[in-house]
Amino acid sequence: MGTFATAINCTDGRVQLPVIEYVRQKHGVDFVDMITEPGPNRILAENGDHAVIEAIKRRVKISVEKHNSRLVVIVGHHDCAGNPVEEETQREQTRAAVKLVESWGLGATVVGLWVTEHWKVRDIG
């Protein structure tokens, strides 16, 4: 079947391939399940839209339980139409989103990623 990771990513098509390639190369997985929402780092950080958060959580659990994903990445990116704020704010939101997803008790490592204006992916520490 292959190995999987899970990405909670923006719907913006410009970030899909860079995230998939980065996660596959850095973490040695075969496939990356993609869960998309406009500005998901903001949605998760604000923790207010419970219907959307529950939908994200349900999809992440499918990836973890059915594909045995042991890594979940949360992505923020340059020029995000769904979260049009500066990079540092998005980085803070992504860190908060990581904490929320960690609280779901998935048994997976959760990390944040940033996609630059040149479509390069970087870890958020």
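In this text, residue positions in the sequence shown follow my numbering: the first is 7, and each later residue adds one.
Each residue gets a CB set at the ideal place from its N, CA and C atoms; glycine is no exception.
Enumerated in chain order, which unbroken segments of the alpha helix (DSSP H) with a length of 4 residues or greater are wholly contained in the stretch 60-114?
-> Listed in chain order, they are 93-108.
DSSP state of G131 mapped onto helix, strand, coil = The answer is coil: DSSP assigns G131 none of H, G, I, E or B.
C-beta contact flag for V104 and V21 at 8 Å = In terms of Cβ geometry, V104 and V21 do not form a close pair [threshold 8 Å].
Just reading off the beta strand (DSSP E) that V38 is part of, what are its end residues?
-> That run of the beta strand (DSSP E) goes F37 to T42.
Is the Cβ-Cβ distance between I80 and V107 less than 8 Å?
-> Cβ atoms of I80 and V107: closer than 8 Å.
Option in E71, R101 and V78 with minimal Cα separation from I41 = Here the closest residue by C-alpha is V78.
Exposure label - Q31; buried when at least 16 CB within 10 Å | Only exposed fits Q31, as fewer than 16 other CB atoms lie within 10 angstroms of its CB.
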